[in-house]
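The opening position of the sequence shown corresponds to residue 3 in our numbering, with each subsequent residue numbered one higher.
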Amino acid sequence: MLQLPLVVTAQVDLVLVLVSLLALWNRLSRLGSPAAVVFDEVYYGQFVSLYMKRVFFIDDSGPPLGHMVLALGAYLGGFDGNFVWNRIGAEYPSRVSVSSLRLLPALCGALCVPLVYLLTLELKYSHLSALGAALLLLLENSLIVQSRFMLLESVLIFFVLLAFFSYLRFHNSSPSSWSRYGWLVVCGVSCSAAVGVKYMGVFSYLLLLGVASFHTWKLIGDRTVSHLSVCVQCVCRVVCLLLFPVLLYVFWFYVHLSILNRSGPHDQLMSSAFQASLQGGLSRITRGQPLEVVYGSQVTLRSSSSQPVPCWLHSHKANYPIRYENGRGSSHQQQVTCYPFKDVNNWWIVKDPTRQELVVDTPPRPVRHGDVIQLVHGMTSRFLNSHDVAAPMSPHSQEVSGYVDFNVSMPAQNLWRVDLSNREAESEVWKTILSEVRLVHVNTSAVLKLSGVSLPDWGFHQLEVVAEKLFKVHSGSLGWTVEEHRYGTSQEQKELEAELHLPTHIDVDRKISFWAKFVELQWKMLTVKQEEAEHKYSSAPLDWITMETNIAYWLHTSTNAQIHLIGNLVSWVVANVSLLAYQLLALVYVLRRRRGLKDLPDGVWQQFVCLGCVCVGGWSVNFLPFLLMEKTLFLYHYLPALCYLHLLSPALLEHVHTHLLSGATQRRALRVCAAAVLASIFLCYRTFSPLTYGSPELSANQLQALKWKDSWDILYRRR
3 MLQLPLVVTA QVDLVLVLVS LLALWNRLSR LGSPAAVVFD EVYYGQFVSL YMKRVFFIDD
63 SGPPLGHMVL ALGAYLGGFD GNFVWNRIGA EYPSRVSVSS LRLLPALCGA LCVPLVYLLT
123 LELKYSHLSA LGAALLLLLE NSLIVQSRFM LLESVLIFFV LLAFFSYLRF HNSSPSSWSR
183 YGWLVVCGVS CSAAVGVKYM GVFSYLLLLG VASFHTWKLI GDRTVSHLSV CVQCVCRVVC
243 LLLFPVLLYV FWFYVHLSIL NRSGPHDQLM SSAFQASLQG GLSRITRGQP LEVVYGSQVT
303 LRSSSSQPVP CWLHSHKANY PIRYENGRGS SHQQQVTCYP FKDVNNWWIV KDPTRQELVV
363 DTPPRPVRHG DVIQLVHGMT SRFLNSHDVA APMSPHSQEV SGYVDFNVSM PAQNLWRVDL
423 SNREAESEVW KTILSEVRLV HVNTSAVLKL SGVSLPDWGF HQLEVVAEKL FKVHSGSLGW
483 TVEEHRYGTS QEQKELEAEL HLPTHIDVDR KISFWAKFVE LQWKMLTVKQ EEAEHKYSSA
543 PLDWITMETN IAYWLHTSTN AQIHLIGNLV SWVVANVSLL AYQLLALVYV LRRRRGLKDL
603 PDGVWQQFVC LGCVCVGGWS VNFLPFLLME KTLFLYHYLP ALCYLHLLSP ALLEHVHTHL
663 LSGATQRRAL RVCAAAVLAS IFLCYRTFSP LTYGSPELSA NQLQALKWKD SWDILYRRR
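Listed below in structure tokens is the structure:
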């Protein structure tokens, strides 16, 4: 029988609730102010607009999950993508819900505060230390600024903290509880999400794997645990911490590519096959083209090495000069170049050397790997030719030309062997878009390639094409892909020229697999770097530690209201002192333990080591890699590392209070100092809050007073 009354008993941590509410208030209040583009919102906003329009793009700064999070907030606010993100400070129109654009990063930033509280408890420190860590994050001006706008650092920090918290929650739970594996699943998902937001997340992920590997190694050596239990636990950890993150990482790209199925401005970075899979753009041209290249095919050949700007094998009615500027002679034959625009002069006809016909046979005869062909320029009927003459701009390579018979002792050498470099993945038959072909000159064994050098005025500044011995060059720069293709039906020159001017569109579709697109996109993101100019607010990593730099995020067009990325200077000093103190203390402990002097019980020592692995290790993996990077860096790159130090400071203070200070007077003095430092942190937060929230407006003198360091760039208008 059901017993009445029904009673539910729950324990609520009121301190956790309080810090959570405070974090939501100081991150989410007045989120729509300023109603103007703030710093890197001009960068991420472009990608959000492309998401709303489902237009493909590639961002070399990170994987797609972060962009999808921002796009989700925009979608929930009804944003249609129709806004031009062309400058910082541009006013958002009334139809754009500014709060929704910034909601999810702000929410992630707010949730980091209770996460730090819970993470401190899982490190087995007191609720008072947990409160201290939460307050340090709560009152950190730089984290507040970075959370309140359409930026990704707060999202990255949230997933990293969630990963460590959920793993420690799993590790600290009773081994007999199967529900603890739910936390391990959450950990794997969080790790994948952290890497999916920014590539920097991989360093925290590797640190967590290191901690988990150490714990697993200890588990394997525990003779009190059965063999079956050890095997089950090891398999669960491998599945949750390795397999799940990898599968989810791939899944982020699957969603990304499923949404962005339309052609856009970044198509040219991708291969012809990738472009043809998108709606519009190249797919409108290549849709329904014949798949197999045959004798008589009319083709355009795109160079695989012409990145990021594509170019196509090209010729025109102009010859190489008889002599170049340096006095060297040339063949004076027709120029062959690589042209970065669609043009009728990009068309070539694949000809059988043993026959005269330029049309496709019935049935068509496919061109296969190893076949010898001739390439006839469609508009001028010149054969693609090479010979032992130095190229115009690359004298170490052979000249490539359209052969002209000047009735001199220079016979035609216009035979080329088809070498399909990816035939193992495709087939022995030369295919449109899918096959990458190397054209090997039969007489000299040189390979047709793009040198990348621009020709002078006589070559109309088009790109030089040469033939070069295979052993001299990297094989990746030799490939050509048939992009546009149709079967030729005209033999006479006038009819042929008219045919080449016709479009190739046929209403049939052909797609490449998701895995092929995933691998190509992943490779492009890791290897293709867009040009980065020096930025006014860029900085060196060593400047971050002492906050020698700041970033002006926004300045009102007519008043002194402004927002800066400036940290809480007092808490940054505390963080640096804590980092140094922990390292010195750890060194002393290790040396004394080596001498057989154990200052700490084993349980406390393990707690101290775990604190260092998570906090000092987390700071190291999120800071030291930047010292080796050549990319443009900013102060906000330091924020993930800073969070670990804010987690370290209260826990280290508790350790000193509990295990190093023995007298009541010493402990009381330490508590007074800690309270004074916390009050100073709060006062610093209040002092800089006008630059954190952009209000209230300060006078020029007040702004000048906030310039605590000469290296800071505080902007103001005198009145």
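Even for Gly, the Cβ is constructed at its ideal location relative to N, Cα and C.
Cβ pair residue i, residue j closer than 9 Å
| i | j | result |
| --- | --- | --- |
| residue 408 | residue 320 | no |
| residue 607 | residue 597 | no |
| residue 501 | residue 276 | no |
| residue 680 | residue 144 | no |
| residue 418 | residue 374 | yes |
| residue 172 | residue 185 | yes |
| residue 489 | residue 366 | yes |
| residue 158 | residue 573 | no |
| residue 550 | residue 709 | no |
| residue 351 | residue 379 | yes |
| residue 650 | residue 581 | yes |
| residue 112 | residue 26 | yes |
| residue 242 | residue 190 | yes |
Assigned exposure category for residue i - 16 Cβ within 10 Å defines buried
| i | result |
| --- | --- |
| residue 631 | exposed |
| residue 41 | buried |
| residue 55 | exposed |
| residue 233 | exposed |
| residue 508 | Confidence at residue 508 is low in this model, with a pLDDT of 41, below 50, so the placement of that residue should be treated as unreliable; the coordinate-derived value is given next. Exposed, since its Cβ has fewer than 16 Cβ neighbours within 10 Å. |
| residue 561 | exposed |
| residue 118 | buried |
| residue 675 | exposed |
| residue 633 | exposed |
| residue 58 | buried |
| residue 236 | exposed |
| residue 565 | buried |
| residue 448 | buried |
| residue 72 | buried |
| residue 420 | buried |
| residue 176 | exposed |
| residue 349 | buried |
| residue 482 | buried |
| residue 269 | buried |
| residue 432 | buried |
| residue 400 | buried |
Contacts around residue i, its chain only, beta-carbon distance under 7 Å, and the 5 residues preceding and following it disregarded
| i | result |
| --- | --- |
| residue 405 | 335, 384, 385, 387, 414 and 416 |
| residue 67 | 195, 198, 199 and 254 |
| residue 480 | 440, 449 and 451 |
Rounded separation between residue i and residue j - CA only
| i | j | result |
| --- | --- | --- |
| residue 497 | residue 314 | 23 Å |
| residue 703 | residue 90 | 25 Å |
| residue 569 | residue 139 | 11 Å |
| residue 353 | residue 317 | 17 Å |
| residue 225 | residue 654 | 33 Å |
| residue 723 | residue 154 | This structure gives no information on residue 723, because the portion of the chain shown stretches from 3 to 721. |
| residue 620 | residue 668 | 31 Å |
| residue 436 | residue 295 | 11 Å |
| residue 24 | residue 18 | 10 Å |
| residue 213 | residue 611 | 11 Å |
| residue 360 | residue 329 | 39 Å |
| residue 62 | residue 527 | 5 Å |
| residue 132 | residue 661 | 18 Å |
| residue 188 | residue 168 | 6 Å |
| residue 797 | residue 183 | This structure cannot speak to residue 797, because the chain is shown only from 3 to 721. |
| residue 716 | residue 537 | 17 Å |
Cross-strand partners of residue i (DSSP beta bridge)
| i | result |
| --- | --- |
| residue 727 | Outside the displayed span of the chain (3 to 721) sits residue 727, for which this structure offers no information. |
| residue 368 | 296 |
| residue 421 | 440 |
| residue 471 | 448 |
| residue 702 | For residue 702, which the question treats as bridged, DSSP gives no partner whatsoever. |
Own chain residues within Cβ distance below 8 Å of residue i, not counting five before or after
| i | result |
| --- | --- |
| residue 699 | 558, 561, 562, 563 and 692 |
| residue 163 | 114, 117, 118, 121 and 645 |
| residue 326 | 332 and 394 |
Same chain only: Cβ atoms within 6 Å of residue i, ignoring 5 sequence neighbours per side
| i | result |
| --- | --- |
| residue 78 | 102 |
| residue 464 | 339, 341 and 457 |
Chain E within 9 Å of residue i, Cβ atoms only
| i | result |
| --- | --- |
| residue 426 | Here chain E cannot be found, since the structure has a single protein chain. |
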